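Q: Residue numbers (the working numbering): 31 to 351. For each residue, glycine too, the CB sits at the ideal point set by N, CA and C. Remember, predicted model here, so these are calculated numbers, not experimental data.
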Ligand code: UT7
């Protein structure tokens, strides 16, 4: 059995930027409060014509270019998104059609929210390891701006839009060393997006995302701490073996706590939160792409990716880049 290696990454961010100062004009908040409590300075917002599909397509082309492969070489497409173009066909099928590569499996992971990218990466990794496919396209793409209540200051300040893509290719050397996925539905009410489809008794429920931020904050710090221990133990590694933390970008205080847990200086943490806010399933591949592109992350570095979100669902991936 071989490994799956990251052979290319790409990202796409909408042109429009919404700053904290812009938000001050929409809700009762301040730049100072948002920076101090979250670390966010601005976020990108999709234009009316942009969707999770168009952003995924843009990121996909950049990633394929970086990997030096053609669409026909892709053996599987997975798009992690809570804001898909349609309920079905999947964003991945629509992307496949645009890439002109009918035949390979293509599907969305819709409901793993901010943990979606790590879940998708884990699935693609299994297929490559088993030799079933050679290359997989794993994308996180979100238009969170369409599911936040812009009049709710506790949630609208947090999120942004964007897409990140990773091409995994079969390799003899590692690669993805291990992935660890978890979920706990007892925390279903901490973060959720009501969906009327398939639920006739729920038609009057809120259209927008709901979150108990304080509870989620505490839960995430706790579960991520255990997740790191599990990930390192499974690979017989120490904290000092990790060169980079590539976290889900939810709150700088959560990220700082996680860096501390790993004894990593913040210079060794891939951060995009300040510029992009929380882009849900897109946040990890966007952070990864940025740090690879500006050459901070180098071949041979040991990367720890972690994501958590609604479900609760959470997971990690340890990757020798
Ligand atoms: O990918 C999804 C994952 N999401 C997360 O992980 C979110 C995790 N949670 C968080 O990031 C934080 O809990 C928040 C950023 C959402 C909130 O920060 P906090 O430090 O937990 O603030 P808080 O909810 O305890 O609110 C503190 C105060 C309250 O006022 P009082 O009751 O002390 O008078 C809030 O009403 O801040 C007030 N507040 C605001 N003030 C200005 C809440 N939101 C805002 C705001 N601007 N936007």
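At what residue ranges does the segment 245–333 contain a whole run of the alpha helix (DSSP H), taking only runs of 4 or more?
A: As far as the segment 245–333 is concerned, its whole alpha helix (DSSP H) runs of at least 4 residues are 282–291, 303–306, 313–323.
Q: For residue 274, is the classification buried or exposed, using 16 other Cβ atoms within 10 angstroms of its Cβ as the cut-off for buried?
A: The residue in question, residue 274, is buried, as its Cβ has 16 or more Cβ neighbours within 10 Å.
Q: Just to check, is the beta-carbon of residue 268 closer than 7 Å to a non-hydrogen atom of ligand 1?
A: No, since every heavy atom of ligand 1 falls outside the 7 Å radius drawn around the Cβ of residue 268.
Q: Beta-carbon separation of residue 309 and residue 192 under 8 Å?
A: The answer is yes: Cβ separation under 8 Å.
Q: So the beta strand (DSSP E) residue 223 belongs to, where does it begin and stop?
A: Where residue 223 is concerned, there is no enclosing beta strand (DSSP E), given that its DSSP letter is neither H nor E.
Q: At which residues does the beta strand (DSSP E) containing residue 344 begin and terminate?
A: Unbroken beta strand (DSSP E) run through residue 344: 343–350.
Q: Over the uninterrupted beta strand (DSSP E) stretch that includes residue 212, give me the two end residues.
A: Segment 206–213, the beta strand (DSSP E) holding residue 212.
Q: Taking 7 Å as the cut-off, is the beta-carbon of residue 79 closer than that to any non-hydrogen atom of ligand 1?
A: Flag unset: Cβ of residue 79 not near ligand 1.
Q: Regarding residue 111 and ligand 1, is the C-beta to nearest heavy atom distance less than 7 Å?
A: Not under cutoff, so the answer is no.
Q: Taking the alpha carbon of residue 297 as the point to measure from, which residue in 207, 327, 135, 130 has its own alpha carbon closest?
A: Looking at the Cα atoms, 327 is the closest of the given residues.
Q: When you compare the CB positions of residue 352 and residue 343, do they come within less than 8 Å of one another, or not?
A: There is no way to answer for residue 352, as the model of the chain reaches only from 31 to 351.
Q: Could you give the DSSP three-state label for residue 182: helix, strand or coil?
A: Residue state, collapsed to three classes: coil.
Q: Pair every Cβ in the segment 115–130 with every Cβ in the segment 77–85, then say whether three or more of these pairs are closer than 8 Å.
A: Yes: the two stretches touch, three or more of their Cβ pairs being nearer than 8 Å.
Q: Within a Cβ cutoff of 6 Å, which residues of the same chain sit near residue 255, ignoring the five residues on either side of it in sequence?
A: Closer than 6 Å at Cβ, skipping near neighbours: 291.
Q: Between residue 347 and residue 152, is the Cβ-Cβ spacing less than 8 Å?
A: Yes; because the gap between Cβ atoms is below 8 Å, this pair is in contact.
Q: Can you find at least 3 beta carbon pairs, one from the segment 100–117 and one from the segment 39–51, that sit closer than 8 Å?
A: Short answer: they don't touch.
Q: May I ask you to report which of helix, strand or coil DSSP gives residue 198?
A: Residue state, collapsed to three classes: strand.
Q: Decide if residue 50 is buried, meaning its Cβ has at least 16 other Cβ atoms within 10 Å, or exposed.
A: So residue 50 ends up on the buried side.
Q: In the DSSP output, what is residue 137 paired with across the bridge?
A: 108.
Q: Out of 60, 283, 282, 87, point me to the one whose CA is closest to residue 128's CA.
A: It is 87.
Q: Please classify residue 336 as buried or exposed, where buried requires at least 16 other C-beta atoms within 10 Å of its C-beta.
A: When all chains shown are included, residue 336 counts as buried.
Q: Return the first residue and the last residue of the alpha helix (DSSP H) that residue 153 is part of.
A: 146–159 is the span of the alpha helix (DSSP H), which, as asked, contains residue 153.
Q: So, is residue 252 buried or exposed, given that buried needs 16 or more other C-beta atoms within 10 angstroms?
A: Answer is exposed; the Cβ neighbour count stays below 16.
Q: So for residue 191, helix, strand or coil by DSSP?
A: In the structure shown, residue 191 sits in a strand (DSSP, three-state: E or B).
Q: Flag this pair as yes or no: are the beta carbons of residue 187 and residue 70 separated by less than 8 Å?
A: Yes, they are a contact pair.
Q: Could you tell me if residue 114 is buried or exposed, where buried requires 16 or more neighbouring beta carbons within 10 angstroms of its beta carbon?
A: Label assigned to residue 114: buried.
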